[in-house]
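Protein chains in written order, with the working numbering: chain V, 11 to 377; chain Z, 135 to 217. The beta carbon of each residue, even a glycine, is placed where N, CA and C say it ideally should be. Notes to accompany the following structure.
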Amino acid sequence: MNAPRIAVSGLHRGENPQPGAGIVRSLRRRFPDAFIVGLSYDVMESGIYVEGGPDEVHLMPFPTAGGAALLDRLDAIRKRTPFDFFIPTLDAEIEVFVSLTEQLEQRGIKTCLPSVDVLKRRAKQNLPAFADKCGVRIPETRLASDVVNACRAGDELGYPLVVKGPYYEAKIVHNVAQLSAAATHLLSEWGSPLILQRFVSGSEFNVLGVGDGTGNWLGHCCLRKTQLSDKGKGLSGITVTDPRLSELCAGLIRELKWPGPFEIELIREELIGDYVLVEINPRFPAWVDFPSMIGANFAALLVDMLRLDHLPASLPACAPGSFYIRHQIEVVGDINRYADLLKSESGALAGLIDDVTTPASTTKVLP
Amino acid sequence: MTTALENLLLNDRGIAFDPASGETYRLVGPAVQLVRLLQKGADDDALLQYLLNEYDVDESTARRDLDVFLGTLEEMKLRGTIS
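Below you can see the structure in the form of structure tokens.
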């Protein structure tokens, strides 16, 4: 079988890391000869410049440009740099690509994405209804489309509470003034609706896995976050084995018949020790490469699902007690490569990358 | 049904890890052996006897220290039954 040619997005690491760079590392472990194409939304994504990173990188228009623009860009990229498999990693782009699965298939691009309906069922704003159907607890939740309604919902829920955008960012707020400021920021950054949830005190648990699309999974890894950044991102985590946690998550995946990668976020409530569901993410998490270093390579499993004519063998369980610590390093970029990347893409992306002018620019990066 | 204490992974350097909750504990001095005895099903009298045999301590002091230790385990919900 030929070495796989795989496109991966979301290459930025740093304070709020995206999953793509970890996926590339996992793929290199299993497929050292793979040709990996990085699809970036910003020339300052750190994973472009990392040693062992993508063989080639191409810029993409932001998902807000719409499906036609994304497809045109993929066509142009594949003319120059063919690839057969595509692993999208960012919530905002996945929402667009799930509506393009037919077009991607026609082009011979293999992906593992849920249907539009399945993606919607687990969306933050639909989570209360889905969790209720599965008999799983979630924090008491309200939706709001503007700041006034958010403050009203805050009065009902009480403080502290967590306010979230529909795709990214969550902030803990302790009073109406903080809520108002956070709601204004989230609405301007990510749009409506705002999701407000009662704050649940307890340890955070994440479950990573790959669903086979029939209701089962081909492996999963349970983790407790042991250190959090100011943004609530896991700076370290340790593998755990709790049958209650696995059964709860298996029930969610069974109900969704989820295909491909997922990350389920939960809190184990301090007072009663029960798990409360917080989010179901339709992609690999940023820590995806950690299990590949302890014998469970989920990114390679996904590629095997896409390239084999049968389901690959399930991954072994991750033994409890292994931990990761996020370790930040500097990577070296070269101004000539930076300029080449911008220049080569400028025709296709005219008007979409005007704000990228120098390596020091702080252009918007999708988490 | 098992208890969190029975499931604790314990090494010789006194680090105990609860594989379900992800909590890590550092056990000092006789605590390591006391936890090992508890995992084997020892009752409170057996624990007291261990302390009297292994340490130069009178019975009332040993009993008091053991009560504090067992109380700490309960506070940490390590002795309660879990599913």
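Consult DSSP for residue i and reduce its assignment to one of helix, strand or coil.
i: V/Phe107; result: helix
i: Z/Leu204; result: helix
i: V/Ile119; result: coil
i: Z/Ser194; result: helix
i: V/Asn136; result: helix
i: V/Glu320; result: The identity of residue 320 of chain V in the sequence shown is His, whereas the question assumes Glu. Three-state result, V/His320: coil.
i: Z/Arg147; result: coil
i: Z/Ala138; result: helix
i: V/Ala13; result: coil
i: V/Ser202; result: coil
i: Z/Ala176; result: coil
i: V/Ala260; result: helix
i: V/Glu289; result: strand
i: V/Ala358; result: At V/Ala358 the pLDDT is 45, less than 50, meaning the model places this residue with poor confidence; the figure from the coordinates comes in the next sentence. In the structure shown, V/Ala358 sits in coil (DSSP, three-state: anything other than H, G, I, E or B).
i: Z/Thr215; result: Confidence at Z/Thr215 is low in this model, with a pLDDT of 47, below 50, so its placement is unreliable and the value that follows should be read with caution. Residue state, collapsed to three classes: strand.
i: V/Tyr59; result: coil
i: V/Asn307; result: coil
i: V/Gly76; result: coil
i: V/Lys243; result: coil
If you draw a straight line from the alpha carbon of residue i to that of residue j, how long is it in whole angstroms?
i: V/Glu279; j: Z/Thr195; result: 37 Å
i: V/Arg15; j: V/Asp85; result: 15 Å
i: V/Tyr59; j: V/Leu37; result: 17 Å
i: V/Arg35; j: Z/Ala165; result: 42 Å
i: V/Arg317; j: V/Asn12; result: 10 Å
i: Z/Leu200; j: Z/Glu157; result: 22 Å
i: V/Gly244; j: Z/Tyr184; result: 42 Å
i: V/Leu281; j: Z/Leu168; result: 27 Å
i: Z/Arg160; j: V/Cys231; result: 25 Å
i: V/Phe308; j: V/Gly63; result: 18 Å
i: Z/Leu212; j: Z/Ile149; result: 15 Å
i: V/Thr74; j: V/Val186; result: 31 Å
i: V/Phe72; j: V/Lys353; result: 18 Å
i: V/Tyr348; j: V/Ile104; result: 27 Å
i: V/Ala139; j: Z/Leu172; result: 44 Å
i: V/Gln116; j: V/Asp65; result: 25 Å
i: V/Val108; j: V/Glu340; result: 35 Å
i: Z/Val202; j: Z/Glu209; result: 10 Å
i: V/Pro98; j: V/Leu312; result: 12 Å
i: V/Gly30; j: V/Ser198; result: 26 Å
i: V/Leu386; j: V/Leu123; result: Here chain V comprises residues numbered 11 to 377, so residue 386 of chain V is not present and cannot be evaluated.
i: V/Asp222; j: V/Phe300; result: 21 Å
i: V/Lys134; j: V/Val250; result: 25 Å
i: Z/Leu207; j: V/Tyr169; result: 33 Å
i: V/Met303; j: Z/Leu143; result: 21 Å
i: V/Asn159; j: V/Val126; result: 28 Å
i: V/Trp227; j: V/Gly270; result: 9 Å
i: V/Leu325; j: V/Asp314; result: 12 Å
Considering Cα atoms alone, identify which of the options is closest to residue i.
i: V/Asn26; options: V/Glu112, V/Gln338, V/Ile345; result: V/Gln338
i: V/Val217; options: V/Ser211, V/Val210, V/Arg234, V/Gly225; result: V/Arg234
i: V/Tyr178; options: V/Arg23, V/Arg347, V/Gln28, V/Tyr348; result: V/Gln28
i: Z/Lys174; options: Z/Asn187, Z/Met210, Z/Glu140, Z/Gly148; result: Z/Glu140
i: V/Leu204; options: V/Thr224, V/Val186, V/Ser155, V/Asn226; result: V/Ser155
i: V/Thr224; options: V/Glu166, V/Leu321, V/Leu206; result: V/Leu321
i: V/Glu273; options: V/Asn291, V/Glu257, V/Leu69, V/Tyr285; result: V/Asn291
i: V/Trp297; options: V/Leu228, V/Ile248, V/Asp319; result: V/Ile248
i: V/Thr208; options: V/Gly229, V/Val183, V/Gly219, V/Asp222; result: Before going further, note that residue 208 of chain V is Arg rather than Thr in the sequence given. Nearest of V/Gly229, V/Val183, V/Gly219, V/Asp222 to V/Arg208, Cα basis: V/Val183.
i: V/Ser211; options: V/Val172, V/Trp268, V/Pro295, V/Thr91; result: V/Val172
i: V/Asp344; options: V/Tyr169, V/Asp82, V/Gly24, V/Met54; result: V/Met54
i: V/Gly32; options: V/Ala310, V/Leu228, V/Arg254; result: V/Ala310
i: V/Asp82; options: V/Gln113, V/Trp268, V/Leu255, V/His22; result: V/Gln113
i: V/Thr91; options: V/Phe45, V/Trp268, V/Gly229; result: V/Phe45
i: V/His22; options: V/Asp319, V/Ser324, V/Pro295, V/Ala323; result: V/Pro295
Take residue i and list the residues in its own chain whose beta-carbon comes closer than 7 Å to its own, dropping the five residues that flank it on each side.
i: V/Leu266; result: Val128, Arg131, Arg132
i: V/Asp43; result: Ala13
i: V/Ser190; result: Val157, Cys161
i: V/Val67; result: Gly48, Ser50, Ile58, Leu351
i: V/Ala79; result: Pro71
Got a sec? Which residues, its chain only, sit under 6 Å from residue i by beta carbon, not counting five neighbours each side?
i: V/Ala141; result: Ile148, Leu287
i: V/Gly175; result: Leu196, Trp200
i: V/Leu110; result: Gly77
i: V/Glu61; result: none
i: V/Ala17; result: Val47, Leu49, Phe93, Phe96
i: V/Ser410; result: Residue 410 of chain V cannot be examined here, being either before or after the span of chain V that is shown, 11 to 377.
i: V/Ala163; result: Arg152, Ala154, Leu206
i: V/Glu289; result: Glu275
i: V/Ile119; result: Phe96
Please report whether the beta-carbon of residue i lies at a distance below 7 Å from any beta-carbon of chain C.
i: V/Gly57; result: This model lacks chain C altogether, as its protein chains are V and Z.
Output needed for residue i: all residues of its chain with C-beta closer than 8 Å, excluding positions within five of it in sequence on either side, in chain order.
i: V/Thr194; result: Val157
i: V/Phe333; result: Thr236, Ser246, Gly247, Ile248, Thr249
On the three-pair Cβ rule with 8 Å, is the segment 320 to 340 of chain V touching the segment 144 to 156 of chain Z? Three or more pairs of CB atoms, one per stretch, sit closer than 8 Å, so the segment 320 to 340 of chain V contacts the segment 144 to 156 of chain Z.
Are there three or more Cβ pairs, one per stretch, closer than 8 Å when the segment 138 to 149 of chain V is compared with the segment 253 to 266 of chain V? By the criterion of at least three beta-carbon pairs nearer than 8 Å, the segment 138 to 149 of chain V is in contact with the segment 253 to 266 of chain V.
Does the segment 268 to 284 of chain V come within contact of the segment 198 to 215 of chain V, defined as at least 3 CB pairs closer than 8 Å? Yes, since at least three Cβ pairs between the segment 268 to 284 of chain V and the segment 198 to 215 of chain V fall closer than 8 Å, the two stretches touch.
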